[in-house]
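Novice: Numbering (my numbering), first residue to last: 15 to 811. Quick reminder that beta carbons are idealized off the backbone N, C-alpha and C, glycines included. Provided herewith is a single structure, encoded as structure tokens, for subsequent inquiry.
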């Protein structure tokens, strides 16, 4: 049998069925044909390697810029990366078209991943905020393509192991930046915020006095968790825990191998630094679910290694592990990077999760009182679309819940709420089959690891590790990073040098032993356990880590059907896949290019506004063009409204300057279909803007016009409160606004509800009503009740 991954041998004329005694003309033609075939094979192999190298760089690069989608900006930051994935996918089909041989791997897990990706993509049509839904759906599609490419582009176990090495080095790189962030950047940012909060909020594009400011202060001042290039510590932990398990599992395999003990301990010593780096950073995230995942994976590794390690070494490893964990915990407590509440408040954290999951079930069942009724709801079967969970969740959020979440903090609830029950079944099938294939007992479970062939080790795939490292350079383009802005240059340098150093230190460990599939299974299990309570399956980098572990682990099972590389002597599969890819790419262009064009015009408008003096006319033209280009993105209309306000102010904010009326028109259009009408924040901003304008122009309005504007305030505030019914502040504002238009019965009802919610929010002081607002409601409520008895408008149903 030819060695997998080796150069295809020349085919002699005899092996091709020819005769040894053919004439010179036939011999010349046969040799010419063989040369052309060999040239085609060389071209195909080079193309495959190029595609695999670019794929490795894309996987590395995706971890080097923020992964969590920015919903306020359309969640489009990862679309350039999606384009790159499409290009690599197209390149991966070229070798089959050149040689006429289609090589592939296949397992039930692959089918489930394809179905899951398709269902999530289809569910985007259900998104009320369609622009966010479609942009995130494309990231799901790209993740599905990356999974299939990782399954089929590597030809040997060594290439799959090299990709795993690059993955581990990436985790070490973001961990190194996480430590720098915790030691240098976060203290500097905290001090800067204390000196000038307004400046930092403006730089972060956070509106003062909003819940976003409260959440930002809580994370910046009230906690010291590191999050590196991620938006949240839990997401960061979900990315770290898988590669950490890979390194620990491979270390155990090296200990179990006989041979040169000096080389063994040297490789383990060199790998100790990046391993400890990842472990320290994982500890500082304070992610309990990631710790539990690491513990479960460690149990799996220990159980599978119990008979291949001498008992003395096995017990010594357990003791050493306990000492390291205890030492890290003691150091964290001593330096106040950890606090006892991390453990003592575990029950409270679990209570929060249960509250989130009850709200998530409300989204899935559309608030149905029973499971039988839930079966009759559309969301149960089809979901709400990617990125649209947050607005639906607020309708079912428990009054005492702590925050407005954007995902259910559970991977199964998240997929179910996003794309329906069939997507949930696909996810369960994908993960269940993958863990079964990777973790089921094999012949090597109780024996010393077999000697590795050269193709099993990443030594011959050094080129692939180098290619993966090019993701450090690629991120500048894909992440649209300006290295001379803010702190991005130090971050970029730390990530690059840490990645290179980690790869060099881990390489000796990787060269000594092939990576068993059960190690990938343990790593995937750790990530899944983390996602059970942290969520984040919809965050590209976290999901990429999970599906990469599954794909590479299945590739290691070369002797099983799930890992065996099959070949079909035909170009038809490549042609069919190429046609599908062309259709997908065309759809992507049609849906995404208008968004990009609109974003370019919005950026131009913002630049014109920042000019000194501002060029309002050019900014207005840019916003108007942005509105025409993309009808689904509300950013253009909101920006246009604030532009009109700035222009009105620059002219003296005179009531007779009727430009102020266009402000309200633009704010109203921002929440009209096809844009999302379910943004409670935009409705609240619309009410606030209307009130501010009324205060400035009231002296010039007739009583009828005044009442009309007051009615608009009531309508906008009522809409916001119906979209977020457990928001005490919205209820208080609605009570005030209702009283202004003599709707005293409504004012009393909303005041009572605001005060009731305020009591329920006692465990969360930052969510409660300000003391002045609470006292004002208590004072005015009795007066409103008296006026309601005397008359006034009837209560709103």
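In the DSSP assignment, find the beta strand (DSSP E) that holds residue 116 and state where it starts and stops.
Specialist: Residue 116 -> beta strand (DSSP E) spans 116 to 118.
Novice: Along the chain, where does the beta strand (DSSP E) that runs through residue 581 open and close?
Specialist: Note, residue 581: beta strand (DSSP E), 580 to 582.
Novice: Does the beta-carbon distance from residue 174 to residue 452 come in below 8 Å?
Specialist: Contact flag unset, no.
Novice: Hey, would you say residue 647 sits closer than 8 Å to residue 698, going by beta carbons?
Specialist: No.
Novice: Taking C-beta to C-beta, are residue 544 and residue 725 nearer than 8 Å?
Specialist: No, these two residues do not count as a Cβ contact at 8 Å.
Novice: Going along the chain, which residues of its own chain have a beta-carbon closer than 8 Å to the beta-carbon of residue 381, five neighbours each way excluded?
Specialist: These residues qualify, in order along the chain: 409 and 410.
Novice: Can at least three beta-carbon pairs, one atom from the region 346 to 354 and one from the region 390 to 410, be found at a separation below 8 Å?
Specialist: In short, these stretches do not touch, since the Cβ pair count stays below three.
Novice: Just list the alpha helix (DSSP H) runs in the region 208 to 248, keeping only unbroken ones of 4 residues or longer that don't cross its boundaries, in chain order.
Specialist: If we require 4 residues or more, the alpha helix (DSSP H) runs fully inside the region 208 to 248 come out as 211 to 217 and 225 to 234.
Novice: So, with DSSP's three-state summary, where would you put residue 82?
Specialist: Residue 82: coil per DSSP, three-state reduction.
Novice: Which residues in the same chain have their Cβ closer than 6 Å to the Cβ of residue 493, if we skip the five residues on either side of it in sequence?
Specialist: Excluding positions up to five away in sequence, the list reads 79.
Novice: Does the region 595 to 615 come within contact of the region 206 to 215, defined as at least 3 CB pairs closer than 8 Å?
Specialist: The region 595 to 615, when compared against the region 206 to 215, does not touch it at the 8 Å Cβ threshold.
Novice: Within 10 angstroms of the Cβ of residue 206, are there 16 or more other Cβ atoms? Answer buried if so, exposed if not.
Specialist: Exposed.
Novice: Alpha carbon to alpha carbon, how far is residue 397 from residue 432? Give it in angstroms, no decimals.
Specialist: Rounded to the nearest angstrom, the two C-alpha atoms are 5 Å apart.
Novice: Leaving aside the five residues before and after residue 194 along the sequence, list all residues of the same chain whose C-beta is less than 7 Å from its C-beta, in chain order.
Specialist: The residues are 508.
Novice: Is residue 186 near residue 555, with beta carbons less than 8 Å apart?
Specialist: Cβ distance not < 8 Å, so residue 186 and residue 555 don't count as in contact.
Novice: Given residue 707, which residues of its chain have a CB within under 6 Å of its CB, disregarding the five upstream and five downstream residues?
Specialist: Closer than 6 Å at Cβ, skipping near neighbours: 674.
Novice: Counting only runs of 4+ residues fully inside the region 266 to 328, write out the alpha helix (DSSP H) ranges in chain order.
Specialist: Here the runs fully enclosed are 275 to 298 and 302 to 319.
Novice: With DSSP run on the structure shown, which of helix, strand or coil describes residue 166?
Specialist: If DSSP states are grouped into helix, strand and coil, residue 166 belongs with the helices.
Novice: Given a cut-off of 8 Å, decide if residue 563 and residue 66 are closer than it, judged by their beta-carbon atoms.
Specialist: Contact: no.
Novice: Could you check how far apart the C-beta atoms of residue 90 and residue 149 are, in whole angstroms? I think they sit under 8 Å.
Specialist: Their Cβ separation, rounded to whole angstroms, is 5 Å, which keeps residue 90 and residue 149 in contact under 8 Å.
Novice: Pairing CB atoms from the region 566 to 586 with CB atoms from the region 95 to 104, are three or more of them under 8 Å?
Specialist: No: fewer than three Cβ pairs fall under 8 Å.
Novice: When the Cα atoms are used, what is the spatial distance from residue 522 to residue 506?
Specialist: The straight-line gap from Cα to Cα measures roughly 26 Å.
Novice: At what residues does the alpha helix (DSSP H) containing residue 104 begin and finish?
Specialist: Element bounds for residue 104: 93 to 113.
Novice: Give the C-beta separation of residue 107 and residue 588 to the nearest angstrom, bearing in mind that I take them to be a contact with Cβ-Cβ under 8 Å.
Specialist: That pair is a contact at about 5 Å.
Novice: Please classify residue 131 as buried or exposed, where buried requires at least 16 neighbouring CB atoms within 10 angstroms.
Specialist: Buried, since its Cβ has 16 or more Cβ neighbours within 10 Å.
Novice: Which residue from 255, 750 and 289 puts its Cα closest to that of residue 535?
Specialist: It is 255.
Novice: Using DSSP with H/G/I as helix, E/B as strand and the rest coil, what is residue 641?
Specialist: Reduced to three states, the DSSP call for residue 641 is helix.
Novice: Does the region 370 to 380 come close enough to the region 116 to 125 to have 3 or more Cβ pairs within less than 8 Å?
Specialist: The region 370 to 380 vs the region 116 to 125: no contact.
Novice: Would you kindly check if the distance between the Cβ of residue 315 and the Cβ of residue 266 is under 8 Å?
Specialist: In this structure, residue 315 lies closer than 8 Å to residue 266 by Cβ.
Novice: Residue 501 and residue 239: beta carbons closer than 8 Å?
Specialist: Not a contact, by the Cβ cut-off of 8 Å.
Novice: Does residue 411 come out as helix, strand or coil in the three-state DSSP assignment?
Specialist: DSSP places residue 411 in coil when its eight states are reduced to three.
Novice: Tell me the rounded alpha-carbon separation between residue 714 and residue 620.
Specialist: Residue 714 and residue 620: Cα-Cα distance of roughly 32 Å.
Novice: Pairing CB atoms from the region 770 to 781 with CB atoms from the region 742 to 755, are three or more of them under 8 Å?
Specialist: With a cut-off of 8 Å, the region 742 to 755 and the region 770 to 781 count as touching, because enough Cβ pairs lie within range.
Novice: Buried or exposed: which applies to residue 626, given that a residue is buried once 16 or more other Cβ atoms fall within 10 Å of its Cβ?
Specialist: Per the 10 Å Cβ criterion, exposed.
Novice: As a quick exercise: from 337, 796 and 775, pick the residue whose alpha carbon is nearest that of residue 416.
Specialist: Nearest of 337, 796 and 775 to residue 416, Cα basis: 775.
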